[in-house]
Amino acid sequence: MRDLGFPISAFAYTQLLLLYRKTNRKKIPDVLLIMEKDNVKPTLLMYKILIDVKGHSRDIVGMEKVLENMKAESIVPDNALRAMIACHYIAAGFNTKAEKIMKEIENDCRRGNSDAWRFLLPLYATQGKVDDVKRVWKSFEASACIDDFVSAIKAWGKLGLVEEAETFFDKMAKKWEKIPTRCYNALLKVYANHGLLSKGKDLAKTMSEAGCWVGPLTWDALVKLFVKAGEVEKADSMQKAAAQKRNRPLYGSYITLLDKYAEMGDVHNAEKIFHRLRQENIEEM
Numbered sequence: 001m002r003d004l005g006f007p008i009s010a011f012a013y014t015q016l017l018l019l020y021r022k023t024n025r026k027k028i029p030d031v032l033l034i035m036e037k038d039n040v041k042p043t044l045l046m047y048k049i050l051i052d053v054k055g056h057s058r059d060i061v062g063m064e065k066v067l068e069n070m071k072a073e074s075i076v077p078d079n080a081l082r083a084m085i086a087c088h089y090i091a092a093g094f095n096t097k098a099e100k101i102m103k104e105i106e107n108d109c110r111r112g113n114s115d116a117w118r119f120l121l122p123l124y125a126t127q128g129k130v131d132d133v134k135r136v137w138k139s140f141e142a143s144a145c146i147d148d149f150v151s152a153i154k155a156w157g158k159l160g161l162v163e164e165a166e167t168f169f170d171k172m173a174k175k176w177e178k179i180p181t182r183c184y185n186a187l188l189k190v191y192a193n194h195g196l197l198s199k200g201k202d203l204a205k206t207m208s209e210a211g212c213w214v215g216p217l218t219w220d221a222l223v224k225l226f227v228k229a230g231e232v233e234k235a236d237s238m239q240k241a242a243a244q245k246r247n248r249p250l251y252g253s254y255i256t257l258l259d260k261y262a263e264m265g266d267v268h269n270a271e272k273i274f275h276r277l278r279q280e281n282i283e284e285m
């Protein structure tokens with residue numbers, strides 16, 4: 001683009017950051033230096049990428065530094081970013097800092113920002129706070145949309161309350177005649193995480209009958225489902241099938257199989273999975 005004389009926009013740099021987040025995070029500082037030379041100011045999306053990278057690497061000090069820089073540029077974090085930061089705090093054991101941000105999100109909810117509620121459900125669930133999940137849901141149940149129900153299903157799954165997740169899925173299916181694939185994926189992941197093979201198979205069949213698109217998230221849930229049930233060969237063949245259909249499998253799908261083969265002491269198949277992972281050039285998000 002530069003050689004052709006095109007101006008290098010924030011959008012172009014965002015695409016570079018997204019690319020390096022997947023393939024080579026060590027190159028991200030180089031991109032930021034070039035941005036500075038080109039006098040390109042980071043956008044909210046760029047800050048989200050940088051904060052997420054720092055959070056995933058458990059560099060909380062670095063994450064907070066990026067957040068300070070963002071605020072210095074008068075860019076206000078939205079609720080999606082706040083929730084991301086809270087999630088990284090929880091994962092790193094900084095629960096007090098997470099709770100402070102969650103209170104900010106709740107205050108935003110009370111000011112009428114309807115999309116804020118759905119971010120709170122999985123955060124409270126991660127902390128094991130059943131009563132808070134119930135309280136938050138009750139606050140906006142009357143106006144809940146599909147994505148709110150999906151968030152609730154994920155939250156109940158994290159809390160290990162599978163029947164509650166199923167109840168919410170059924171309510172959603174009754175409220176809307178046709179629900180998108182992501183709704184099925186949410187419940188399928190709950191079944192996968194709890195090793196409920198029979199229920200997972202039934203749901204996958206229902207998805208097929210409903211004409212749902214089977215993408216990487218669905219394949220990932222199915223791979224985990226069969227691994228948890230002890231059907232590793234079946235899970236492996238499904239993952240291969242997904243790759244052959246040009247349905248690029250998630251990093252987590254490979255790691256699920258790799259960990260299981262390692263646990264079984266199956267070095268040969270573990271090496272094959274590792275080779276496929278490198279071949280696809282997939283890195284953790």
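UniProt numbering numbers the first residue of the sequence shown as 1 and each following residue consecutively. A virtual CB, placed ideally from N, CA and C, is assigned to each residue, including glycine.
Own chain partners of residue i with C-beta closer than 7 Å, once the 5 adjacent residues on each side are dropped
{"i": "W117", "result": "C109, V136, S139, F140 and D148"}
{"i": "V31", "result": "Y13, L16, L17 and Y20"}
{"i": "A173", "result": "I179"}
{"i": "F274", "result": "L258"}
Residues near residue i in its chain [Cβ-Cβ closer than 6 Å; skip 5 each side]
{"i": "K228", "result": "G195"}
{"i": "M285", "result": "Legend: pLDDT at M285 = 49, less than 50; position of this residue unreliable, value from coordinates given subsequently. Correct list: empty, nothing qualifies."}
{"i": "T218", "result": "N185"}
{"i": "P42", "result": "none"}
For residue i, the nearest candidate out of the options (CA to CA)
{"i": "K129", "options": "V53, I51, L161 and K201", "result": "L161"}
{"i": "E106", "options": "I90, W176, D132 and F94", "result": "D132"}
{"i": "N193", "options": "K97, M207, E209 and W156", "result": "W156"}
{"i": "D236", "options": "Y254, P77, K71 and D78", "result": "Y254"}
{"i": "M264", "options": "K245, E233 and Q239", "result": "E233"}
{"i": "E68", "options": "L44, D202 and A91", "result": "L44"}
{"i": "I85", "options": "V76, K205, D115 and K97", "result": "K97"}
{"i": "K201", "options": "C212, D115, F169 and L188", "result": "L188"}
{"i": "K26", "options": "E104, Y261, S57 and L120", "result": "S57"}
{"i": "K54", "options": "A72, I75, N79 and A91", "result": "A91"}
{"i": "Y251", "options": "G93, Q279, K71 and E73", "result": "Q279"}
{"i": "S9", "options": "P29, E166 and M35", "result": "M35"}
{"i": "F226", "options": "R182, V76 and Q239", "result": "Q239"}
{"i": "A243", "options": "K260, G215 and D78", "result": "G215"}
{"i": "A221", "options": "K245, T181 and E271", "result": "T181"}
{"i": "D115", "options": "S151, M207 and T206", "result": "S151"}
Supposed close pair residue i, residue j - CB separation, criterion 8 Å
{"i": "Y47", "j": "V66", "result": "6 Å"}
{"i": "V223", "j": "L277", "result": "So it is not a contact: roughly 13 Å between Cβ atoms."}
{"i": "A125", "j": "K100", "result": "Wrong, their Cβ atoms sit about 18 Å apart, outside the cutoff."}
{"i": "I146", "j": "F169", "result": "Incorrect: roughly 11 Å between the Cβ atoms, too far for contact."}
{"i": "N79", "j": "Q127", "result": "The pair is not a contact, with the Cβ atoms about 18 Å apart (cut-off 8 Å)."}
Close beta carbons around residue i, own chain, < 8 Å, minus the five adjacent residues each side
{"i": "D266", "result": "none"}
{"i": "D59", "result": "none"}
{"i": "K37", "result": "none"}
{"i": "N39", "result": "none"}
{"i": "I28", "result": "L17, Y20, R21, L50 and V53"}
Scan the segment 131–208 and note each continuous alpha helix (DSSP H) run of 4 residues or more that stays entirely inside, going in chain order.
146–158, 162–175 and 181–193
Inside the segment 218–285 only - alpha helix (DSSP H) runs reaching at least 4 residues
232–244, 251–264 and 267–280
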